[in-house]
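As numbered in the working numbering, residues 9 to 241 make up the sequence shown, in order. Cβ atoms here follow ideal geometry from the backbone N, Cα and C, with glycine treated the same way.
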Amino acid sequence: MKIIIFSDFFLAQSIPIVSILVGILLQFVKRNLWIGLRTSTTLSDPEIWEKSNKVTGVILLILGILFFFLNLIAYYLDWKLWFKELDLVLVSEGIIILGVGIFGVIYSNKLKQEKETTIKLKPFIISRAFVYVICFVSVLTVITGLLLPFIPPNFYIGIRIGKTFSDPAIWKTVNTVSGIGFIVIGIIFTPLFFSIARKEDTQRTKLFEKNLVLFVVLNLIWALLSVGFAYLV
């Protein structure tokens, strides 16, 4: 039986969580605040600032989510080498995130050149295909929620902590409640994302940015609440 190792597992999740949070913040951050893609180019033009930070933020958000689930998979499938070489994993993730920052700087400079030739920048557009991908992720959230009440202890998914492993009844209760929450979240967002995907470019992008952030935050909060609930039952 495997119990979450806080010193390793949660340390491995530190960079993905920070990446997700920063990615969300970059969608809304205003110029001259303490966070953001702060270069002379972005600070000199509000339009370049907004587009550079939004694009960079979306990339950070996607990478953060990918790293988060990759760490989960590594833990659940018992990839001992992954945690044995945790320093290398963290450095690799950090280098990739740093690369996104460098991309953001280069991208902002290209936006400046574009604006000098076209006067007005092309709007940042989220593709319809990407919205459908997130819609599929939302469907997977529902499927996961449906599976959780029926998964036995020591399986690959579930609220896997020492408290739930110590008592099958607690495992059943916590994962049932957790599953219901994920089902509700998925049922709300699946048709919402499907509807957003069918809208025109500007409206689709605006609605998707707000609802993607809400979808990610609600899932993370519910996962944390599910862990906390295990210590209350």
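Check: Quick one: what's got a C-beta closer than 8 Å to I32's C-beta in the same chain, skipping five residues either side?
Finding: G65, L69, V221, V224 and V225
Next item on the list: Starting from the C-beta of C143, find all residues in its chain whose C-beta is less than 7 Å away, skip the five residues before and the five after it, and write them out in chain order.
Entry: Excluding sequence neighbours, C143 sits near T198, F201, F202 and A205.
Checklist line | Straight-line Cα distance separating I165 from K128 | finding: 48 Å
Next item on the list: List the whole-angstrom C-beta distance separating F282 from K62, where the pair is believed to meet the contact cut-off of C-beta under 8 Å.
Entry: In the structure as shown, the chain begins at 9 and stops at 241. Residue 282 is therefore absent and cannot be evaluated.
Next item on the list: Within its chain, find whatever has a CB closer than 6 Å to the CB of P24; leave out the 5 residues flanking it on each side and keep chain order.
Entry: For P24, same chain residues with a beta-carbon under 6 Å away, outside a window of 5 residues either side, are G72, F75 and F76 in chain order.
Next item on the list: Have a look at L215 and I110 and give me their C-alpha separation to the nearest angstrom.
Entry: 28 Å
Notebook entry, point to check: Can you tell me the Cα-Cα spacing of M9 and F173, whole angstroms?
Noted result: Bear in mind that the predicted position of M9 carries a pLDDT of just 43, short of 50, making it too unreliable to give a figure here.
Margin query: Let's test the definition: count the other Cβ atoms within 10 Å of the Cβ of L240 and tell me whether it reaches 16, buried, or not, exposed.
Written below: exposed
Item checked: Exposure of A177, with buried meaning 16 or more beta-carbon neighbours within 10 Å -> exposed
Item checked: G102 burial status per 10 Å Cβ neighbour count (16 or more: buried) -> exposed
Notebook entry, point to check: Whose C-alpha, out of T184, Y140, P54 and I134, is nearest the C-alpha of L156?
Noted result: T184
Check: For I56, which residues from the same chain have a beta carbon less than 8 Å from its beta carbon, with the 5 sequence-adjacent residues on both sides left out?
Finding: T49, T50, S116, L119, K120, K123 and L129
Next item on the list: Give the single residue among L80, E58, D53 and K59 whose Cα lies nearest to the Cα of L19.
Entry: L80
Item checked: Delimiting residues of the alpha helix (DSSP H) encompassing F237 -> D209 to A238
Next item on the list: Within the region 132-194, note down every full alpha helix (DSSP H) run reaching 4 residues or more, in order along the chain.
Entry: You should have 136-155 and 170-173.
Check: Can you tell which of I195, V192, T126 and S27 has the C-alpha that lies nearest to the C-alpha of L106?
Finding: S27
Note to self: Using CA atoms only, rank isn't needed, just tell me which of W42, P161, T213 and S60 is closest to F138.
What the structure shows: Checked all of W42, P161, T213 and S60; the closest Cα to F138 is T213.
Note to self: Assuming F242 is part of the alpha helix (DSSP H), what are its boundary residues?
What the structure shows: Nothing can be reported for residue 242: it is not among the residues displayed for the chain, which extend from 9 to 241.
Next item on the list: Within the region 56-132, note down every full alpha helix (DSSP H) run reaching 4 residues or more, in order along the chain.
Entry: Segments of the alpha helix (DSSP H) lying fully in the region 56-132: 88-92 and 94-126.
Next item on the list: Measure the alpha-carbon distance for G44 versus G187 and round it to whole angstroms.
Entry: 36 Å
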